[in-house]
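Please read the structure below before turning to the comments.
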Amino acid sequence: MKLPISKRLLQCAEMIPPCRTVADVGTDHGYLGVYLLQAGRCAHVIASDLREKPLASARANAAAFSVQDRMSFVLSDGLHHIKPGSFDVLVLAGMGGDLIARILADAPWLDGDNALLILQPQSAANDLRRALGARGWRIEQERLVRDGQFLYAVMAVRTEGGGPLTPGEQYVSPALRRAQDALYPAYLARMRRALELTVRGISRSADPADLARAAYYRAALTEVAALEAGEADTDKPKADEALAPSSAERSLL
Ligand SMILES: C[S@@+](CC[C@H](N)C(=O)[O-])C[C@H]1O[C@@H](n2cnc3c(N)ncnc32)[C@H](O)[C@@H]1O
-7 MKLPISKRLL QCAEMIPPCR TVADVGTDHG YLGVYLLQAG RCAHVIASDL
43 REKPLASARA NAAAFSVQDR MSFVLSDGLH HIKPGSFDVL VLAGMGGDLI
93 ARILADAPWL DGDNALLILQ PQSAANDLRR ALGARGWRIE QERLVRDGQF
143 LYAVMAVRTE GGGPLTPGEQ YVSPALRRAQ DALYPAYLAR MRRALELTVR
193 GISRSADPAD LARAAYYRAA LTEVAALEAG EADTDKPKAD EALAPSSAER
243 SLL
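Under the numbering used here, the residue at position 91 of the sequence shown is numbered 83, and the numbers go up by one with no gaps.
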């Protein structure tokens, strides 16, 4: 039987170095943990979820792929029932960026922990990057992966060595710029178009709260558009896909 793991989760796995224990919080089916154990990337996986049903599914999959002896299963809201120091790598994948940020904020002990964090937000990646920077954490590496019609960013984060990010950097991190993935031009175009839509929408709003937020989005748009223009000036080959604005673009905001 072949493990039905997504390209998105494979990208997360690729960014995990050989290690002892990986904690996969919000594991659902548990495929990432099964894959890491099968690949010999780690010795043990803590698979954790907020709900019983996904955890039962992770347990069943671990048994089906004969890795249950090397996986433990924890019912937990975020990291509440995960012991500090019990893992080398923490994965939070397939959840909204705001939820990932909330789970991390609820675990202040992570600041003194040496763990590597692999974060893959489904939405609100800018809010997550802002929270990471504000906490003094550093996005060490950031890569892009296309899975179906969606484009995902996967971040490897260290809990030290960072600082506040500009509005533009919250959409396109310095690590993403450095990586120069083949999908980078497509990602820049998506961010720029999504920000244009947001700025246009917010400009029509009469809500004073929107007016305050407008400055943030305008600043982000200016930075991202400048990055995109810089890219267009280079001779690098561009991803040749059609880039019609889509709900996926909106969901990245
Ligand atoms: C969409 S699934 C993602 C599964 C897997 N990580 C992936 O990327 O394919 C999100 C999972 O996160 C779990 N979840 C949601 N909120 C959570 C929380 N506060 N703590 C732990 N797990 C949570 C859900 O129950 C669900 O199983």
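A virtual CB, placed ideally from N, CA and C, is assigned to each residue, including glycine.
Predicted model, so just to flag it, every value in this text is computed and none were measured.
Apart from the five residues just before and just after residue i, which ones in its own chain have a Cβ nearer than 8 Å to its Cβ?
| i | result |
| --- | --- |
| Leu175 | Leu136, Val137, Arg138, Leu143, Ala231 |
| Leu84 | Val17, Gly18, Ile92, Ile95, Leu96, Leu109, Ile110, Leu111, Gln112 |
| Ser68 | Val17, Ser40, Asp41, Leu42, Ile74 |
Tell me where the alpha helix (DSSP H) around residue i begins and ends.
| i | result |
| --- | --- |
| Gly160 | 159 to 163 |
| Val146 | It is not in any alpha helix (DSSP H) - Val146 instead sits in the beta strand (DSSP E) that spans 142 to 153. |
| Thr214 | 200 to 224 |
| Ala55 | 44 to 56 |
| Leu187 | 176 to 195 |
| Val26 | 23 to 30 |
| Leu168 | 166 to 171 |
| Ile95 | 89 to 97 |
| Leu67 | No alpha helix (DSSP H) holds Leu67; the beta strand (DSSP E) holding it covers 63 to 67. |
| Gln60 | No alpha helix (DSSP H) contains Gln60, which DSSP labels as neither H nor E. |
Could you name the residues of the same chain whose beta carbon sits closer than 7 Å to that of residue i, not counting the 5 residues immediately before and after it, in chain order?
| i | result |
| --- | --- |
| Glu233 | A caution first: Glu233 carries a pLDDT of 42, below 50, which makes its placement in the model too unreliable to give a value. |
| Val216 | Gly160, Tyr163, Val164, Leu180, Met183, Arg184, Leu187 |
| Trp101 | Pro76 |
Among the options, whose alpha-carbon lies nearest the alpha-carbon of residue i?
| i | options | result |
| --- | --- | --- |
| Thr13 | Tyr23, Leu28, Gly22, Tyr209 | Leu28 |
| Gly25 | Leu108, Cys4, Trp101 | Cys4 |
| Leu124 | Phe79, Ile95, Ile194 | Ile95 |
| Tyr7 | Ala148, Ala218, Arg184 | First, the amino acid is wrong: residue 7 is Met here, not Tyr. The option with the nearest alpha carbon to Met7 is Ala148. |
| Val37 | Asp20, Gln30, Ser49, Asp16 | Asp16 |
| Gln114 | Pro9, Ala126, Ala145 | Ala145 |
| Phe79 | Pro9, Ala107, Ile194, Gly222 | Ala107 |
| Lys251 | Ala56, Gln112, Gly128 | In this structure the chain extends from -7 to 245, so residue 251 is not present and cannot be described. |
| Ala35 | Arg210, Arg150, Pro9 | Pro9 |
| Arg170 | Val81, Leu84, Leu219, Ser68 | Leu219 |
| Asp20 | Ser40, Arg33, Gly32 | Ser40 |
| Glu44 | Val66, Arg192, Ala54 | Val66 |
For the beta strand (DSSP E) containing residue i, name the first residue and the last one.
| i | result |
| --- | --- |
| Met(-7) | It is not in any beta strand (DSSP E) - Met(-7) carries neither H nor E in the DSSP assignment. |
| Arg138 | 129 to 139 |
| Arg12 | 11 to 17 |
| Gly125 | Where Gly125 is concerned, there is no enclosing beta strand (DSSP E), although the alpha helix (DSSP H) it sits in stretches over 117 to 126. |
Taking 6 Å as the limit between beta carbons, can you name the residues of its chain near residue i, skipping five residues before and five after?
| i | result |
| --- | --- |
| Gly153 | Arg130 |
| Ser239 | Since pLDDT at Ser239 reaches only 43, below the 50 mark, its modelled position is unreliable, and the value read off the structure follows with that caveat. Closer than 6 Å at Cβ, skipping near neighbours: no residue. |
| Tyr208 | Pro159 |
| Ile(-3) | Tyr23, Tyr27 |
| Val81 | Ile8, Cys11, Val14, Leu108 |
| Phe57 | Val26 |
| Arg275 | A question about residue 275 goes unanswered here, because the residues of the chain that appear run from -7 up to 245. |
| Met87 | Gly18 |
Can you tell me the Cβ-Cβ gap for residue i and residue j, rounded? I've got them flagged as a contact below 8 Å.
| i | j | result |
| --- | --- | --- |
| Asp119 | Gly89 | 5 Å |
| Leu189 | Ala212 | Going by Cβ atoms, the distance from Leu189 to Ala212 rounds to 12 Å, so no, they are not a contact pair. |
| Gly70 | Ala99 | 7 Å |
Given the structure, does residue i come close to ligand 2, in the sense that its CB is under 7 Å from one of the ligand's heavy atoms?
| i | result |
| --- | --- |
| Ser68 | Only ligand 1 can be found as ligands here, which leaves ligand 2 out of the picture. |
Is the Cβ of residue i closer than 8 Å to any Cβ of chain E?
| i | result |
| --- | --- |
| Pro200 | The chain inventory of the structure shown lacks chain E, comprising one protein chain alone. |
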